[in-house]
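Peer 1: My questions will all concern the structure given below.
In the numbering used here, the protein residues as written are 29 to 465.
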């Protein structure tokens, strides 16, 4: 038993003998909220033995058991683990960590598990580790390392576009969107957009975290910078995520339309609030209508924060939603941590409040109470729409909003666009909190 081992060590210490533990393995029951797992505490010697006092050894063992006893493995709806029992897990050490900590986690993985990716706190990024495996594999991995505090552990989760109420109306011209007319005054519409200030967003860098941006659209006038791609389906794991080069016309390009729409609402020449702002394309969803994963977002935030961006003139814009159950703490762990770190560094983070707020089943939204500004949608009469009143910090026009769009009906059109540089630009009217944000 643990007591017997500690007693033997204590007697050895009393005899003024050094205590050398070459292999000490303990198996102790540790209970989570729902299940009990064995926790193995192991210390091994390499060529140079470590000498500890009995009290120190006991503290290390007890500390590890106490920390892991508080671990709650959260399985989120729609995750691979929920469906098959196996999938990817995000581990977030509390209180931060060093680069060597994460690199150490990636080594000596248990059987039938795999290290996927980790953050870069040594470069200013985030502290997180992603691994693939079952519940049992995750628990085994946790017991292989010392933790200063209880780590947060949860499955990866699906990410969706915020476009619940797409409209099929497409327009060849960009007449004045009513939303621009509405935000230039305290009330009403007068058929004009009187922009406040004289800069039009000049000198501001806005990072649009979405499906990419079609930089060739006439709304942008050369102000789009291909910044980053963070979706594993596109590139081999050893090159993920991918930093773009400014001269690249393919990297972070949009083949869905949602990212282009949102970017033009922000900084379009005719339909945008800030027509002189520089727009950075950060692609976290790969193709037309596809879902993404939280790890893609986490990895994108990690890479962006590693770039040491000028905080006063940088804005992150994200119009995506995470699936969760009512009362779920999904939005209080990994992604919330990324949001808080971004805001703590002085970067303005604006997101859509989400298009759902259901009392049963799933809801879609972004983390609340992080310092981010979550935007709800209103109609022409200033009435709230889309029912996500709990999450919204502010409201903006989001119903029947016209913005830039692309028409790529199939893969053949996409290949034609990329090879021949043909323009498939168009305009589209959409409703949703994405249009408001």
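By construction, the Cβ of each residue, glycine as well, lies at the ideal position given by its N, Cα and C atoms.
None of the values given here were measured: they were computed from a predicted structure.
#1: On the DSSP letters alone, give me the boundaries of the beta strand (DSSP E) that residue 346 sits inside.
#2: Can you list, in chain order, the residues of its chain whose CB lies under 6 angstroms from that of residue 209, leaving out five sequence neighbours each side?
#3: Can you check which of these residues, 366, 297 and 465, is closest to residue 468 by C-alpha distance?
#4: Give me, in chain order, the residues of the same chain whose beta-carbon lies closer than 8 angstroms to that of residue 123; leave out the 5 immediate sequence neighbours on both sides.
#5: Taking the alpha-carbon positions, what's the residue 286 to residue 408 distance?
#6: How about residue 457 and residue 405: are their beta carbons less than 8 angstroms apart?
#7: Apart from the five residues just before and just after residue 259, which ones in its own chain have a Cβ nearer than 7 angstroms to its Cβ?
#8: Going by alpha carbons, who is nearest to residue 126 out of 140, 146, 118 and 111?
#9: Roughly how many angstroms lie between the CA atoms of residue 232 and residue 239, to the nearest whole one?
#10: Mark residue 182 as exposed unless 16 or more other C-beta atoms lie within 10 angstroms of its C-beta, in which case mark it buried.
#11: Here's a check: name, in chain order, each residue in its chain whose Cβ is nearer than 8 angstroms to the Cβ of residue 228, leaving out the five neighbours to either side.
#12: Excluding sequence positions up to five away, which residues of its chain have a Cβ less than 6 angstroms from the Cβ of residue 230?
#13: Which residue from 142, 187, 299 and 121 puts its Cα closest to that of residue 174?
#14: Provide the residue span of the alpha helix (DSSP H) that contains residue 241, from first to last.
#15: Just curious, the beta strand (DSSP E) that residue 157 is in, first and last residue?
#16: Among 288, 115 and 398, which has the Cα closest to the Cα of residue 107?
#17: Can you list, in chain order, the residues of its chain whose CB lies under 7 angstroms from that of residue 361, leaving out five sequence neighbours each side?
#18: Between the C-alpha atoms of residue 142 and residue 225, what's the straight-line distance to the nearest angstrom?
#19: When the Cα of residue 398 is compared with those of 370, 249 and 463, which residue comes out closest?
#20: Is DSSP giving residue 286 helix, strand or coil here?
#21: Can you tell me where the beta strand (DSSP E) holding residue 117 begins and where it ends?
#22: Among all the DSSP beta bridges, which residues are the ones paired with residue 254?
#23: On the three-state DSSP scale, how would you describe residue 295?
#24: Tell me which same chain residues have a C-beta within less than 8 angstroms of the C-beta of residue 372, skipping the five on either side of it?
#25: Below 8 angstroms between beta carbons: does that hold for residue 433 and residue 278?
#26: Run through the DSSP bridge pairs and tell me what residue 188 is partnered with.
#27: Can you give me the start and stop residues for the beta strand (DSSP E) that residue 406 sits inside?
#28: Could you give the C-beta distance for residue 377 and residue 350, rounded to a whole number, given that I count them as a contact under 8 angstroms?
#29: Using only CA atoms, which one of 99, 113, 172 and 245 lies nearest to residue 129?
#30: Please report the straight-line C-alpha distance between residue 280 and residue 344, rounded to a whole angstrom.
#31: Only counting the same chain, and skipping five residues up and downstream in sequence, which positions put a Cβ closer than 6 angstroms to that of residue 334?
#32: Taking residue 241 and residue 252 to be in contact with their CB atoms under 8 angstroms, please state how far apart those CB atoms are, rounded to whole angstroms.
#33: Distance cutoff 8 angstroms, beta carbons only. Does residue 214 sit that close to anything in chain D?
#34: Using only alpha-carbon positions, find the residue among 155, 249, 316 and 454 that is nearest to residue 203.
#35: Suppose you measure from the CA of residue 269 to the CA of residue 255; what does that come to, to the nearest Å?
Peer 2: So, from the listed chains and residues:
#1: 342–346
#2: 217 and 221
#3: Residue 468 cannot be examined here, being either before or after the span of the chain that is shown, 29 to 465.
#4: 176 and 177
#5: 22 angstroms
#6: no
#7: 311, 312, 313, 314, 320 and 324
#8: For residue 126, the nearest C-alpha among the options comes from 146.
#9: Residue 232 and residue 239: Cα-Cα distance of roughly 21 angstroms.
#10: buried
#11: 302, 303, 304 and 305
#12: 304
#13: 121
#14: From DSSP, residue 241 is part of no alpha helix (DSSP H); its letter is neither H nor E.
#15: 157–161
#16: 115
#17: 120, 180 and 182
#18: Here the alpha carbon of residue 142 sits roughly 53 angstroms from the alpha carbon of residue 225.
#19: 370
#20: helix
#21: 115–120
#22: Answer is 309, bridged to residue 254.
#23: helix
#24: 399
#25: no
#26: 349
#27: Membership of residue 406 in the beta strand (DSSP E) is indicated by the continuous run 401–406.
#28: Between residue 350 and residue 377 the Cβ distance is about 15 angstroms, and since that is not below 8 angstroms, they are no contact.
#29: 172
#30: Using only the alpha carbons, I get a separation of about 16 angstroms.
#31: 148, 151, 152 and 153
#32: 5 angstroms
#33: Chain labels in this structure do not include chain D; a single protein chain is all it has.
#34: 454
#35: Roughly 11 angstroms between the two C-alpha positions.
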